[in-house]
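When you number the sequence shown by our numbering, it's gap-free, plus one each residue, and the end is 321.
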Amino acid sequence: MRRCGLFPGRAQCRPEQRPAARGAAGHQFPPPPPAFRPPAGWRPPRYDLPAGRAHRGPHRHQQPGAHPGLRPQTGGLSPVLRPARGFTLVELLVALALGVSLLAVLLHLFVTLSETNARLLRRQQLHAALQDLMALMARDLRRAGFTTLAAPGTPFAGPLTRGPHCILYRYDMDGDGRLDPDERAGFKLEDGALLAKRSDRDCGTTPCAGCATGRWWRLNDPERVRITGLRFQETSRMLPGNGGRLRGVEIILQGTLRRFPQERQTLRTFLLPPNNLTPP
42 MRRCGLFPGR AQCRPEQRPA ARGAAGHQFP PPPPAFRPPA GWRPPRYDLP AGRAHRGPHR
102 HQQPGAHPGL RPQTGGLSPV LRPARGFTLV ELLVALALGV SLLAVLLHLF VTLSETNARL
162 LRRQQLHAAL QDLMALMARD LRRAGFTTLA APGTPFAGPL TRGPHCILYR YDMDGDGRLD
222 PDERAGFKLE DGALLAKRSD RDCGTTPCAG CATGRWWRLN DPERVRITGL RFQETSRMLP
282 GNGGRLRGVE IILQGTLRRF PQERQTLRTF LLPPNNLTPP
């Protein structure tokens with residue numbers, strides 16, 4: 042814009058001259074810096090691709106037509122320009138489902154193994170308890186009829202007395218040849234417990250002939266192992282030449298665990314007392 046003079050004699054026009062901009066204190070602002078231009082021959086830094094990305098195709102910045110400043114010269118890619126890679130929602134859901142399935146299988150396997158080990162341990166405990174009781178009865182029944190006298194009419198040579206769940210016998214404990222009250226023994230089942238008889242002193246002078254009298258001791262704790270069945274089957278056979286009969290006893294013992302009634306076991310054993318020859 043040109044401004045012409047308004048006074049006579051000043052018909053010429055001259056360019057408009059504006060005063061330089063000054064600050065609050067009257068200082069003149071410096072001129073703006075010139076536009077930045079890269080030096081001749083300048084190229085962006087080069088980045089080498091990692092070993093795992095060497096087989097991939099060209100990046101989008103390496104496509105034809107991209108700005109030269111965004112195309113690495115050696116096929117590499119700046120970490121700043123590298124695109125973010127991750128899992129999609131479908132991949133996350135599939136991985137989560139596989140993890141939950143694997144965890145459920147492992148949990149089921151652990152529970153199954155724990156139950157199996159506990160069941161085997163309970164069976165072993167029950168078998169050990171019944172085996173101890175069976176060994177105790179068999180060891181004591183093998184003494185039935187024992188005496189130090191060779192006479193055939195000894196009071197210890199009588200037959201075994203059996204009840205529904207009871208057996209009575211006698212043997213010479215002190216070797217004096219006389220039948221004392223403490224030399225009458227027996228076993229019976231009562232209220233889930235196995236009882237052993239070791240004395241007839243409660244009968245006075247009359248020998249106890251039944252399973253309901255005498256002194257009995259409990260051999261097991263029914264709160265842990267409960268005896269559900271006890272049977273004594275006496276068998277005998279004639280020896281050739283009319284020499285007498287050979288007697289034997291089969292013991293059948295049944296038991297269970299009180300806290301686990303489903304665990305049941307049955308033990309059988311057959312024994313021949315050493316003094317089992319009865320005259321004809």
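Note that the Cβ used here is the ideal one computed from N, Cα and C, for glycine as well. Just so it is clear, the structure is predicted and the values come from calculations on it, not from any experiment.
List the endpoints of the continuous beta strand (DSSP E) containing Q306. Element bounds for Q306: R305 to L312.
Cβ-based neighbour list, R259, same chain, cut-off 7 Å, excluding 5 preceding and 5 following: A234 and L236
Alpha-carbon spacing of V152 relative to L144, whole angstroms: 12 Å
State the beta-bridge partners of V266 as determined by DSSP. L298
Can you tell me whether L171 is buried or exposed, with buried defined as 16 or more other CB within 10 angstroms of its CB? buried
Where A176 falls, given that 16 or more other Cβ within 10 Å makes a residue buried: exposed
Can you pull the DSSP bridge partners for Q274? E291
For a quick check, are the C-beta atoms of T276 and A179 less than 9 Å apart? no
I need the boundaries of the beta strand (DSSP E) containing E211, first residue and last residue. One point to set straight first is that residue 211 is Arg, not Glu, in the sequence displayed. Per DSSP, R211 belongs to the beta strand (DSSP E) from C207 to R211.
State buried or exposed for F228, treating a residue as buried only when at least 16 other CB atoms are found within 10 Å of its CB. buried
Top-ranked residue by Cα proximity to T188, from G255, M214 and C252: M214
For R78, report the span of its alpha helix (DSSP H) as first-last. Careful: R78 lies outside any alpha helix (DSSP H) and carries neither H nor E.
Three-state class that DSSP yields for R180 in the structure shown: helix
L294: which of D232, T269 and N158 sits nearest, CA to CA? T269
So L230 is in the beta strand (DSSP E); what residue range does that whole segment cover? R225 to E231
Please determine, among A226, F273 and V266, the residue with the shortest C-alpha to C-alpha distance to A169. V266
Please report the Cβ distance between P263 and D221, rounded to the nearest whole angstrom; I am assuming they are in contact, meaning their Cβ atoms lie under 8 Å. 31 Å between Cβ atoms; not a contact.
Within 9 Å, strictly: CB atoms of E291 and Q274: Judged by their CB atoms, E291 and Q274 are nearer to each other than the 9 Å cut-off.
Using three-state DSSP, classify L236 as helix, strand or coil. strand
Can you round the beta-carbon distance between L271 and L167 to whole angstroms, since I take them to be within the 8 Å contact cut? Actually they do not touch by this definition, with Cβ atoms about 15 Å apart.
Can you tell me where the beta strand (DSSP E) with R126 in it begins and where it stops? That residue, R126, is in no beta strand (DSSP E); it is neither H nor E in DSSP.
In whole angstroms, what is the alpha-carbon distance linking H149 and L139? 15 Å
Just mark R225 as buried or exposed, buried being the case when its beta carbon has 16 or more other beta carbons within 10 Å. With 16 or more Cβ atoms within 10 Å of its Cβ, R225 is classed as buried.
Taking R87 as part of the beta strand (DSSP E), name the residues at either end of that continuous run. No beta strand (DSSP E) holds R87; DSSP gives it neither H nor E.
State the beta-bridge partners of R164 as determined by DSSP. DSSP lists no bridge partner for R164.
Look at the alpha carbon of E132 and the alpha carbon of L147, and state the distance between them as a whole number of angstroms. 23 Å
Going by alpha carbons, who is nearest to P305 out of Y210, R219, Q165 and P72? A quick correction: the sequence has Arg, not Pro, at residue 305. Nearest C-alpha to R305 among Y210, R219, Q165 and P72: Q165.
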